[in-house]
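Chemist:
Chains as they are written, first to last, in our numbering: chain A, 9 to 121; chain B, 23 to 137.
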C-alpha cells in the first residue's frame, strides 16, 4: 500500500529538548516536504527536498532542520523546541511537485510546554 | 508573497443541500488548483484538481470551477452527506525557488453536514 508514515503521532515535550519527527514514504518519490497546520493559517511549508542531499527552506523554516540522506526518509528536527512550535505537522511526498498529487502522512501533533 | 484566500472558514449545511467553498489566488502564473479533504485525525487527501486550460471539472457529487480572469476557483459539493464533514483545503501552484513547483494552501474550511 502506497503510504507516508510519520512518527511519533503525538508528542508532548518541554522547551529546549531536542526532538526528531521521522517520515518515510514507499512510493519512490523524489520530492518530500514538511508542513505545519495551525488554526486559521492552513498548511504552511517548512522545508522541502527535491532529492537525496537536496533540501531547501519553505515559508516558515525558522527553528527547524531537515536532512535527506536516503530517498525514502525525510526527518524533521527541532534542535531547541519552543512553545510557538506547538502545532500539527504533516510530511508529504509527490512525484511531480506543484503539478501533481501530494501524498500526506497522518500527522504528528506536537505540544511544547 | 503569493497567497491563497479561502472562504468561508466554517460552513454548516443540512444533509442533501449543496456546499460551495471559494478561493482566490494572487499569482497569475498559477496553473494547477487541487482540493484536499482532511478527515478528523487524518492527513489531507486529494479529492479533485483542475488545470488552467479547463474551466470546470466534475467527479460524481463534487465539481470545481476556475475563473482565470478573476483568479478564483470554487469547490461545489451537491447532495451533501454526513461523511462529507471534514476540513477542505484549496491550493494553487506557484513557481518556487530554484524553478521548482510548489503549492500554496488556503486557510481551510470546516464543513459540517447535519443529518
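Even glycine gets a Cβ: it sits at the ideal position worked out from N, Cα and C.
Measure from the alpha carbon of residue 101/A to the alpha carbon of each residue in 53/B, 49/B, 65/B and 55/B, then state which is nearest.
Modeler: Within the first chain, residue 101/A is the residue found at index 93, counting from 1. Checked all of 53/B, 49/B, 65/B and 55/B; the closest Cα to residue 101/A is 65/B.
Chemist: Could you tell me which of 136/B, 131/B and 137/B sits nearest to residue 42/B, measuring between CA atoms?
Modeler: As a first step, residue 42/B must be located in the second chain, where it is residue number 20. That would be 131/B, whose Cα lies nearest to the Cα of residue 42/B.
Chemist: Can you give the Cα-Cα distance for residue 44/A and residue 36/B, rounded to whole angstroms?
Modeler: On the first chain, position 36 is the one that residue 44/A refers to. On the second chain, position 14 is the one that residue 36/B refers to. C-alpha separation (whole angstroms): 31 Å.
Chemist: Residues of chain A with a CB under 7 Å from the CB of residue 90/B: which are they?
Modeler: Translated into positions along the second chain, residue 90/B becomes position 68. The contacting residues do not exist; residue 90/B stays about 16 Å from chain A at best.
Chemist: Take residue 103/A and list the residues in its own chain whose beta-carbon comes closer than 6 Å to its own, dropping the five residues that flank it on each side.
Modeler: As a first step, residue 103/A must be located in the first chain, where it is residue number 95. Contacts found: 37.
Chemist: Check each candidate in 92/A, 119/A and 83/A and name the one with the smallest Cα separation from residue 33/A.
Modeler: Within the first chain, the letter at position 25 stands for residue 33/A. Residue 33/A has its Cα closest to that of 83/A, out of 92/A, 119/A and 83/A.
Chemist: Out of 25/B, 33/B, 137/B and 29/B, state which residue places its alpha-carbon closest to the alpha-carbon of residue 96/B.
Modeler: Stepping through the second chain from its first residue, residue 96/B is reached at position 74. The shortest C-alpha to C-alpha distance from residue 96/B to any of 25/B, 33/B, 137/B and 29/B is the one to 29/B.
Chemist: Just to make sure I have the definition right: I need the residues of chain A whose C-beta is within less than 9 Å of the C-beta of residue 54/B. Which are they?
Modeler: Translated into positions along the second chain, residue 54/B becomes position 32. The answer, in chain order, is 106, 107 and 108.
Chemist: List the residues of chain A that residue 95/B touches, going by C-beta distances under 8 Å, in chain order.
Modeler: Working through the second chain from its first residue, we reach residue 95/B at position 73. Those within 8 Å of residue 95/B in chain A number zero; the least Cβ separation is about 15 Å.
Chemist: Pick helix, strand or coil for residue 67/A, following the three-state DSSP scheme.
Modeler: If you number the first chain from 1, residue 67/A lands on position 59. Collapsing the DSSP output to three states places residue 67/A in coil.
Chemist: Assuming residue 56/B is part of the beta strand (DSSP E), what are its boundary residues?
Modeler: As a working note, residue 56/B is residue 34 in the second chain. From DSSP, the beta strand (DSSP E) with residue 56/B extends over 54-60.
Chemist: Could you check whether the segment 40-57 of chain B touches the segment 69-76 of chain B, counting it as contact only if at least three pairs of C-beta atoms, one from each stretch, sit closer than 8 Å?
Modeler: yes
Chemist: As an exercise, report each continuous beta strand (DSSP E) stretch of at least 3 residues that is fully enclosed by the segment 24-60 of chain A, in chain order.
Modeler: 27-33, 39-46 and 50-59
Chemist: Please confirm whether residue 76/A has its beta-carbon closer than 9 Å to some beta-carbon of chain B.
Modeler: In the first chain, the residue the question calls residue 76/A occupies position 68. Interface with chain B (9 Å Cβ-Cβ cutoff): residue 76/A is excluded.
Chemist: Looking only at its own chain, which residues have a Cβ that is under 6 Å from the Cβ of residue 78/B, when we skip the five neighbours before and after it?
Modeler: Along the second chain, one-based indexing puts residue 78/B at 56. Excluding positions up to five away in sequence, the list reads 87.
Chemist: Between the segment 42-54 of chain A and chain B, which residues of the former have a C-beta closer than 7 Å to a C-beta of the latter?
Modeler: 48, 49, 50, 51 and 53
Chemist: Of all Cβ atoms in chain A, is any one closer than 9 Å to the Cβ of residue 66/B?
Modeler: Within the second chain, residue 66/B is the residue found at index 44, counting from 1. Yes - at least one Cβ of chain A is within 9 Å of the one on residue 66/B.
Chemist: What separation, rounded to the nearest whole angstrom, lies between the Cα atoms of residue 25/B and residue 26/A?
Modeler: Walking along the second chain from the start, residue 25/B turns up at place 3. Walking along the first chain from the start, residue 26/A turns up at place 18. C-alpha separation (whole angstroms): 32 Å.
Chemist: At the 9 Å Cβ level, is residue 100/A part of the contact set with chain B, yes or no?
Modeler: Start at 1 with the first residue of the first chain, and residue 100/A comes out as number 92. With 9 Å as the cut-off, residue 100/A counts as an interface residue toward chain B.
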